[in-house]
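Heads up, the sequence shown is in the working numbering, so the first residue is 243 and it goes up one at a time. Just so you know, even glycine gets a beta-carbon here, dropped at the ideal spot from N, CA and C. Predicted model only: the values in this text are computed from it and were never measured. So the structure is just underneath, and the comments pick up after that.
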Amino acid sequence: MEISHAFKRLRIGFVSQMYIPIMDNEIKFTGKGIFEAYQLSQYSKKVVFIAFSSCNIPYKFVFNKMKFTLYLLPIEKIDTEAKPEKLVTLPITIIKNYLKTINYLCHILSYEKLDVVKIENILLIGFPAFIASALTRTPFILWIAGPELKVLNIKFQHFRVLQLISSLAFKIFSYAMIPNAKVLVNISPESEKIILKALPRVYVKLDSNYVNVQMFHPNPCLKEKNKKVILYVGRLEKEKGISLLLSAIEQISSKRNDFEVWIIGQGSLEEEIAKKIGEKLLPIKLLGEKDIRELPFFYNCADIFLLPSLVEGPSAALMEAMSCGVAVISTTGPIDHLQNGLLVRKDSAAIAEAINILLEDEDLRRKIAKNASKYVRLLSKRYMETMRNIYLFSASK
243 MEISHAFKRL
253 RIGFVSQMYI
263 PIMDNEIKFT
273 GKGIFEAYQL
283 SQYSKKVVFI
293 AFSSCNIPYK
303 FVFNKMKFTL
313 YLLPIEKIDT
323 EAKPEKLVTL
333 PITIIKNYLK
343 TINYLCHILS
353 YEKLDVVKIE
363 NILLIGFPAF
373 IASALTRTPF
383 ILWIAGPELK
393 VLNIKFQHFR
403 VLQLISSLAF
413 KIFSYAMIPN
423 AKVLVNISPE
433 SEKIILKALP
443 RVYVKLDSNY
453 VNVQMFHPNP
463 CLKEKNKKVI
473 LYVGRLEKEK
483 GISLLLSAIE
493 QISSKRNDFE
503 VWIIGQGSLE
513 EEIAKKIGEK
523 LLPIKLLGEK
533 DIRELPFFYN
543 CADIFLLPSL
553 VEGPSAALME
563 AMSCGVAVIS
573 TTGPIDHLQN
583 GLLVRKDSAA
593 IAEAINILLE
603 DEDLRRKIAK
613 NASKYVRLLS
623 KRYMETMRNI
633 YLFSASK
């Protein structure tokens with residue numbers, strides 16, 4: 243892979259909305275963004291990754307011979323599971339968090355003297371990062387990873403006031419941020435309409451998310467199994483379609499017992515899911531949150547990967563599973579039905595039917611898995627080349 247001299251001189255920043263768990267002063271990598279940033283640090287002068295600390299303490303870590311720096315901001319995570327008493331306190335907490343985040347980001351961007359910064363989404367950290375980039379005169383790329391407003395509307399579905407506040411803020415922030423971004427990169431088809439209304443200077447639409455194909459590739463399963471494994475990896479939240487997964491498994495498990503489901507992830511629905519598993523005696527194991535470096539083991543032991551998401555662009559977990567050569571069932575994403583996966587309706591009966599098809603048809607599973615792995619490898623190479631060009635363009639005066 244040939245890297246230009248101009249790219250090797252770049253100092254690139256990433257501002258992510260993810261919270262990174264820390265245990266005994268060690269980082270637990272739970273998202274793809276940090277690995278994408280680290281890989282770029284091997285070819286550029288410096289990469290800075292900024293995210294949130296799970297323990298509300300500021301941290302700074304340095305890797306790769308000082309070429310990769312990780313800053314974790316001590317900003318308390320906002321509980322978006324709306325309750326009546328939060329109608330007043332939630333907006334106040336968000337404003338306080340915004341001001342603290344802007345202050346931290348201004349100090350970091352000024353100190354690191356970055357050529358360009360990639361900002362993730364609009365509402366959670368996007369707007370504070372935009373203000374900080376303006377104050378420090380740092381050019382920014384705006385990355386739209388999913389239909390953020392739709393996700394919040396699902397979380398606040400019983401609280402119309404919070405939906406209206408979120409919608410108004412999203413519209414105002416979008417029209418401030420989008421025209422000022424050097425490049426807007428969108429991987430969410432559901433977000434395209436509102437993005438284009440705000441008139442981005444340069445608009446790039448990508449069909450895929452980042453996948454580290456050196457890490458995620460087909461390997462033999464290192465665990466002895468006596469049942470087929472259906473795998474889910476992701477947050478345990480309403481918008482991820484967990485209720486569809488549980489309903490589909492309930493339908494299937496009443497008729498067959500040759501499979502089990504592994505769920506990897508954490509979220510606000512964890513207790514509710516565990517309760518339903520116990521009440522319905524569902525063949526589901528809750529495995530908790532895993533470091534991203536552990537995930538290839540689980541993907542390679544899965545026979546089927548399931549993504550029942552209600553709203554999403556090309557999910558990183560979906561692409562990782564495909565890269566590992568797993569037959570996937572998804573309600574969204576770059577799926578060519580019956581070729582590199584099964585694309586189904588957001589409906590538990592449709593999901594149950596697709597699971598039954600793949601459990602019964604081993605030849606189809608193998609064909610889909612093989613095609614999926616080839617497809618993701620091609621997309622990954624194209625993705626990295628495109629993003630390097632975007633960083634170079636955005637950093638240019």
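Taking the straight line between their C-alpha atoms, what separation do you get for residue i and residue j?
i: Ile232; j: Phe547; result: Examination of residue 232 is not possible in this model, given that the chain is present from 243 through 639 alone.
i: Leu486; j: Tyr445; result: 34 Å
i: Ile364; j: Met419; result: 8 Å
i: Cys463; j: Glu602; result: 20 Å
i: Pro199; j: Gly368; result: The first residue shown for the chain is 243 and the last is 639, placing residue 199 beyond what the model contains.
i: His579; j: Asp605; result: 15 Å
i: Ile506; j: Asn395; result: 25 Å
i: Ser622; j: Leu366; result: 27 Å
i: Thr311; j: Lys287; result: 12 Å
i: Asn273; j: Tyr541; result: Inspection of the sequence shows that residue 273 is occupied by Gly rather than by Asn. So the two alpha carbons sit approximately 15 Å from each other.
i: Val553; j: Leu585; result: 14 Å
i: Leu347; j: Asp357; result: 15 Å
i: Ile350; j: Arg535; result: 28 Å
i: Val503; j: Tyr285; result: 40 Å
i: Leu315; j: Asn339; result: 11 Å
i: Tyr417; j: Ala440; result: 5 Å
i: Arg608; j: Leu473; result: 16 Å
i: Tyr656; j: Glu595; result: The chain is shown from 243 up to 639; residue 656 falls before or after that span and cannot be answered.
i: Ser352; j: Lys309; result: 17 Å
i: Ala563; j: Asp545; result: 10 Å
i: Lys616; j: Leu377; result: 44 Å
i: Gly275; j: Ile336; result: 24 Å
i: Phe401; j: Leu620; result: 43 Å
i: Gln281; j: Glu627; result: 13 Å
If we call anything under 8 Å between Cβ atoms a contact, is residue i one with residue j?
i: Ala293; j: Ser246; result: no
i: Leu252; j: Tyr633; result: yes
i: Gln405; j: Phe398; result: yes
i: Met561; j: Ser450; result: yes
i: Ile317; j: Lys342; result: yes
i: Phe458; j: Cys566; result: yes
i: Val290; j: Glu354; result: yes
i: Ile437; j: Gly555; result: no
i: Phe635; j: Val359; result: no
i: Lys470; j: Glu492; result: no
i: Phe303; j: Ile344; result: no
i: Leu549; j: Thr573; result: yes
i: Ile494; j: Ile597; result: yes
i: Pro442; j: Ala423; result: yes
i: Ala516; j: Ile593; result: no
i: Phe249; j: Ala279; result: no
i: Ile254; j: Pro333; result: no
i: Leu488; j: Leu524; result: yes
Would you please state the rounded distance, in angstroms, between the beta carbons of residue i and residue j? I believe it to be under 8 Å.
i: Ser590; j: Gly575; result: Ser590 to Gly575, Cβ: 19 Å. No contact.
i: Asn582; j: Asn613; result: 4 Å
i: Asn453; j: Val618; result: Inspection of the sequence shows that residue 453 is occupied by Val rather than by Asn. Rounded, the Cβ-Cβ distance is 6 Å, consistent with contact.
i: Asn461; j: Pro538; result: 7 Å
i: Asn306; j: Ser283; result: 5 Å
i: Phe271; j: Asp533; result: 5 Å
i: Lys551; j: Lys482; result: One detail in the question is off: residue 551 reads as Ser in this sequence, not Lys. Confirmed, Cβ separation roughly 5 Å.
Which stretch, first to last residue, makes up the alpha helix (DSSP H) that contains residue i?
i: Val393; result: Glu390 to Lys397
i: Arg402; result: Arg402 to Met419
i: Gln493; result: Ile484 to Ser495
i: Met260; result: From DSSP, Met260 is part of no alpha helix (DSSP H) but of the beta strand (DSSP E) over Arg253 to Ile262.
i: Leu225; result: No answer is possible for residue 225: the residues shown for the chain start at 243 and end at 639.
i: Tyr301; result: Where Tyr301 is concerned, there is no enclosing alpha helix (DSSP H), although the beta strand (DSSP E) it sits in stretches over Tyr301 to Phe305.
i: Leu549; result: Looking at the DSSP string, Leu549 is not in any alpha helix (DSSP H); the run it does join, the beta strand (DSSP E), is Ile546 to Leu549.
i: Ala516; result: Glu512 to Lys522
i: Ser646; result: Past the edges of the chain, shown from 243 to 639, lies residue 646, and the structure says nothing about it.
Tell me the residue span of the beta strand (DSSP E) that contains residue i.
i: Asn422; result: Premise fails: Asn422 is in no beta strand (DSSP E) and is neither H nor E.
i: Lys532; result: From DSSP, Lys532 is part of no beta strand (DSSP E); its letter is neither H nor E.
i: Ala374; result: Unbroken run through Ala374 is the alpha helix (DSSP H), Gly368 to Leu377; no beta strand (DSSP E).
i: Leu315; result: Phe310 to Leu315
i: Ala248; result: Not the beta strand (DSSP E): Ala248 falls in the alpha helix (DSSP H), residues His247 to Lys250.
i: Leu473; result: Lys470 to Val475
i: Phe382; result: Phe382 to Ile386
i: Ser283; result: Premise fails: Ser283 lies in the alpha helix (DSSP H), Lys274 to Ser283, not in any beta strand (DSSP E).
Quick one: is residue i near chain C, going by C-beta distance under 8 Å?
i: Leu438; result: This model lacks chain C altogether; it includes just one protein chain.
Item to complete: Report yes or no: do the segment 381-394 and the segment 261-274 share at least 3 C-beta pairs separated by less than 8 Å?
Response: no
Practice prompt. Pair every Cβ in the segment 467-480 with every Cβ in the segment 498-513, then say whether three or more of these pairs are closer than 8 Å.
Written response: yes
Practice prompt. Please determine if the segment 432-439 and the segment 388-400 are in contact, where contact requires at least 3 C-beta pairs separated by less than 8 Å.
Written response: yes
Discussion item. Would you call the segment 527-536 in contact with the segment 481-501, where contact means no fewer than 3 C-beta pairs closer than 8 Å?
Written reply: no
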